[in-house]
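What follows is a set of notes on a single structure, which appears directly below.
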Amino acid sequence: EVGLLRQLRHDNVVSFFEDFGHQGGGGMTSACIIMEFCDGGTLQAHIESRKQQGFSDLRIAGYVAQLADGLEFIHSQNVTHRDLKSENVMMTSTMQLKISDFGCGKTLPQGATSLSTMSGGDMMIIPPEMAHRIQGVPAPGKVGPA
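Numbering (my numbering), first residue to last: 10 to 155.
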């Protein structure tokens, strides 16, 4: 995760600052990662808190645009998140979305055009072609007509 976060600097990706090991009790070493603080919680919590009121079309379009911008950048860096869900999208108090939790993420080999050998993410929400490893699934950013 740290290796991926180091290379990803974008307004819609949570910022990485530093990592270090911490020697705890019993001789155990813990990995510590210092990242940007997103004081608005997760997108999932925000959605749940507004179940009654819902969201305006304009607000939804803004969220979709932010996620698309972040994903376009991530994919331009040959990185695939592999576990994108509302629980892994953080918010700032100004409603800026930040893609986070790259623990399942991978850097694609240069020139890769398929995810056929890569799997990851939450088995409850991954698409069937990932779960069943269907060959020839386009790589991130390669969806739709050329």
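For glycine and all other residues, C-beta sits at the position ideal for the given N, C-alpha and C.
What you are looking at is a predicted structure, and each value in this text was computed from that prediction instead of being measured.
To the nearest angstrom, how far is the alpha carbon of L93 from that of I108?
8 Å
Is DSSP giving G36 helix, strand or coil here?
helix
Completely contained beta strand (DSSP E) runs for the segment 23-68, where each covers 3 or more residues:
25-32, 38-44
For L106, which residues does DSSP report across the bridge?
M100
Exposure of G79, with buried meaning 16 or more beta-carbon neighbours within 10 Å:
buried
Specify, as a first and last residue, the run of the alpha helix (DSSP H) that L14 falls within.
11-16
So, S95 versus I56, is the Cβ gap smaller than 8 Å?
yes
Per the DSSP calculation, K115 is bridged to which residue(s)?
T89
With distances taken between CB atoms, is the gap from Q62 to L106 smaller than 8 Å?
no
Top-ranked residue by Cα proximity to V22, from G30, D28, L13, F29
L13
Note down, in chain order, each residue of its chain lying with its Cβ closer than 7 Å to the Cβ of F111, except the 5 sequence neighbours on either side.
E10, L13, L14, H90
Let's test the definition: count the other Cβ atoms within 10 Å of the Cβ of F25 and tell me whether it reaches 16, buried, or not, exposed.
buried
Closest Cα partner of M99 within the set G50, G30, F29
G50
Considering only the alpha carbon of each residue, which of F82, Q32, L52, I83 lies closest to I69?
L52
From H31, Q119, G36, D48, residue whose alpha carbon lies closest to that of I42:
H31
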